[in-house]
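Chemist: In my numbering, the protein residues as written are 259 to 474.
All residues carry an ideal CB built from backbone N, CA and C; glycine is no exception.
Quick caveat, the model's predicted, so the values are computed rather than measured.
1) Straight-line CA distance for residue 371 to residue 398?
2) Decide if residue 269 is buried, meaning its Cβ has at least 16 other Cβ atoms within 10 Å, or exposed.
3) Name the DSSP bridge partner or partners of residue 429?
4) Does the distance from the C-beta atom of residue 416 to that of residue 396 stay below 8 Å?
5) Please name the residue in 278, 441, 418, 377 whose C-alpha comes closest to that of residue 383.
6) Should residue 452 be labelled buried (16 or more other beta-carbon atoms within 10 Å of its own) or exposed?
7) How many Å lie between residue 358 and residue 406 at the Cα?
8) Only counting the same chain, and skipping five residues up and downstream in sequence, which positions put a Cβ closer than 7 Å to that of residue 385?
9) Would you grab the beta carbon distance between residue 429 and residue 471 for me? Rounded to a whole angstrom, and I think it's under 8 Å.
10) Are the Cβ atoms of residue 442 and residue 448 separated by less than 8 Å?
11) Please classify residue 393 as buried or exposed, where buried requires at least 16 other C-beta atoms within 10 Å of its C-beta.
12) Give the straight-line distance between the Cα atoms of residue 404 and residue 349, rounded to the nearest whole angstrom.
13) Let me know if residue 463 comes out buried or exposed under the rule of 16 or more other beta-carbons within 10 Å of its beta-carbon.
14) If you check the beta carbons only, do residue 427 and residue 376 fall under 8 Å apart?
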């Protein structure tokens, strides 16, 4: 009776879980490899950037911080040097032009002195007088006195010999009541200027005296 029973079929062990496990492990390994390779490539690129960066100085960070890259100033190129040389030449040329122009201005004819209106009298140089002092006495500039006497050297005047042409307003003859203050007011000059022109040390004048009236 027992021999006629059908034997129980032996169930085959499923291999699917094992294969799936191997596939997952392989995928994890592949992902890890790909990630490691990517990190390696990024590291190489950063090194290349640091090494290729011109004139840069790396300063290590504190407490493990990333180093800071400080770029250095670029070296001057040949074109920069040429530009600087051209600029210096241009500045030198401008300075030379200024010097030449200044020299030309100095060589120009002196400004023409306008002779003031008035009477012309002759003054004989007296002891102790100078060219400048005579100009002050008659209230005219030294340049005007030189223009009036072109042939006379300022340092070559001689006492009692050299005669200089000078300009004055006029000659005033003192009349009754003509004190120096009144005469000065009449011609629009100061009393001191009137006294200097006539070499007076005192405020006095005599009737009939001839007074030189200097320019205003």
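Modeler: Quick look at the numbers:
1) Translated into the one-based positions of the chain shown, residue 371 becomes position 113. Translated into the one-based positions of the chain shown, residue 398 becomes position 140. Distance between the alpha carbons of residue 371 and residue 398: 12 Å.
2) As a first step, residue 269 must be located in the chain shown, where it is residue number 11. Because the pLDDT at residue 269 is just 48, under 50, the model does not fix this residue reliably, and the value given afterwards should be weighed accordingly. It is exposed - the Cβ of residue 269 has fewer than 16 other Cβ atoms within 10 Å.
3) As a first step, residue 429 must be located in the chain shown, where it is residue number 171. According to DSSP, which records beta bridges pairwise, residue 429 is partnered with 470.
4) As a first step, residue 416 must be located in the chain shown, where it is residue number 158. As a first step, residue 396 must be located in the chain shown, where it is residue number 138. It is not a contact, given that the beta carbons lie outside the stated cut-off.
5) Along the chain shown, read from residue 1 onward, the residue named residue 383 stands at position 125. Comparing Cα positions, the closest option is 418.
6) The sequence position of residue 452 within the chain shown is 194, counting from 1. By the 10 Å Cβ count, residue 452 comes out buried.
7) As a working note, residue 358 is residue 100 in the chain shown. As a working note, residue 406 is residue 148 in the chain shown. Their Cα atoms are separated by approximately 33 Å.
8) Position 127 of the chain shown, counted from the start, is the residue given in the question as residue 385. Closer than 7 Å at the Cβ level, and outside the excluded window around residue 385, lie 417.
9) Against the chain shown, residue 429 aligns to sequence position 171. Against the chain shown, residue 471 aligns to sequence position 213. Their Cβ separation, rounded to whole angstroms, is 7 Å, which keeps residue 429 and residue 471 in contact under 8 Å.
10) Within the chain shown, residue 442 is the residue found at index 184, counting from 1. Within the chain shown, residue 448 is the residue found at index 190, counting from 1. In contact: residue 442 and residue 448 (Cβ atoms closer than 8 Å).
11) Along the chain shown, read from residue 1 onward, the residue named residue 393 stands at position 135. Burial call: buried.
12) Translated into positions along the chain shown, residue 404 becomes position 146. Translated into positions along the chain shown, residue 349 becomes position 91. So the two alpha carbons sit approximately 42 Å from each other.
13) As a first step, residue 463 must be located in the chain shown, where it is residue number 205. Counting Cβ neighbours within 10 Å, residue 463 comes out buried, since at least 16 surround it.
14) Within the chain shown, residue 427 is the residue found at index 169, counting from 1. Within the chain shown, residue 376 is the residue found at index 118, counting from 1. The answer is yes: Cβ separation under 8 Å.
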